[in-house]
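Data first, discussion second: the structure below is written as structure tokens.
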Amino acid sequence: MDNKHAACWHNKEIVFHPVGVIHSDHHEHENTPIQSVFNPSVGYVEIFPEFTDGLRDIESFTYLFLLYCFDRATGVCLLQKPFLDGEKDRGIFAIRHFNRPNPLGLSIVKLLKVQGNILEVEGMDILDGTPLIDVKPYVRKFDHREDVQSGWVDNQHLDDIAAWNSTPKELRNRQRTNL
């Protein structure tokens, strides 16, 4: 393995600028759903006016990837107990917790409507006012995979989780996590 690329990028800064802001009914980590698939909550993605042309043809997609900054992360922790398994520390790159070296979030949401620079979406698991870094269409032929292993998550009993509010607070109330 050639280390010249690693040396070139180690401790370098990469700067992104938001292309919009995310609006939701979620205002604190504790009461925000842990994954969009477990949550029918509707929210809005506001694209800044100068990027509106970039939305052309987006209405023909059912799902979108939203990439955003966890602007209210509370620090960096390389080992963290995941919300679905409060018993064991896991490596931050093996979970989706917000306290990451680069606080980037990724959610798949269902596109309901496009009105100008506003996207109405379902499956909102993002805090209100979160800066949006990018939007990408979910393309089944590109993004769907067969024979998937999901690590430690495969050992969790998730069959009932979609039936109730899957927030960190509710997971604790149902004794699904110690966090």
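The numbering of the sequence shown is the numbering used here, which starts it at 344 and goes up by one.
All C-beta atoms in this analysis are idealised placements derived from N, C-alpha and C, irrespective of residue type, glycine included.
Span of the alpha helix (DSSP H) around residue i
i, result
"residue 351", "347-352"
"residue 484", "483-486"
For residue i: DSSP bridge partner residues
i, result
"residue 478", "409"
"residue 431", "Per DSSP, none; premise fails for residue 431."
"residue 419", "In DSSP, residue 419 forms no bridge with anything."
"residue 465", "385 and 453"
Opening and closing residue of the beta strand (DSSP E) in which residue i lies
i, result
"residue 424", "Where residue 424 is concerned, there is no enclosing beta strand (DSSP E), given that its DSSP letter is neither H nor E."
"residue 366", "363-366"
"residue 450", "447-458"
"residue 489", "Careful: residue 489 lies outside any beta strand (DSSP E) and carries neither H nor E."
Cβ-based burial, residue i [other Cβ within 10 Å; buried from 16]
i, result
"residue 403", "exposed"
"residue 507", "Residue confidence for residue 507 is low, a pLDDT of 49 falling below 50, so the modelled location carries little weight; the figure read from the coordinates is stated next. Counting Cβ neighbours within 10 Å, residue 507 comes out exposed, since fewer than 16 surround it."
"residue 444", "exposed"
"residue 454", "buried"
"residue 425", "buried"
Same chain, Cβ closer than 7 Å to residue i, five either side skipped, listed in chain order
i, result
"residue 418", "442"
"residue 299", "What the structure shows of the chain is the stretch from 344 to 522, and residue 299 is not part of that stretch, so it cannot be assessed."
"residue 475", "361, 362, 363, 364, 365, 388, 409 and 411"
"residue 359", "476"
CB of residue i within 8 Å of CB of residue j, strictly
i, j, result
"residue 406", "residue 452", "yes"
"residue 463", "residue 456", "yes"
"residue 365", "residue 461", "no"
Cutoff 8 Å; reference residue i; Cβ partners in own chain excluding five residues on either side
i, result
"residue 356", "none"
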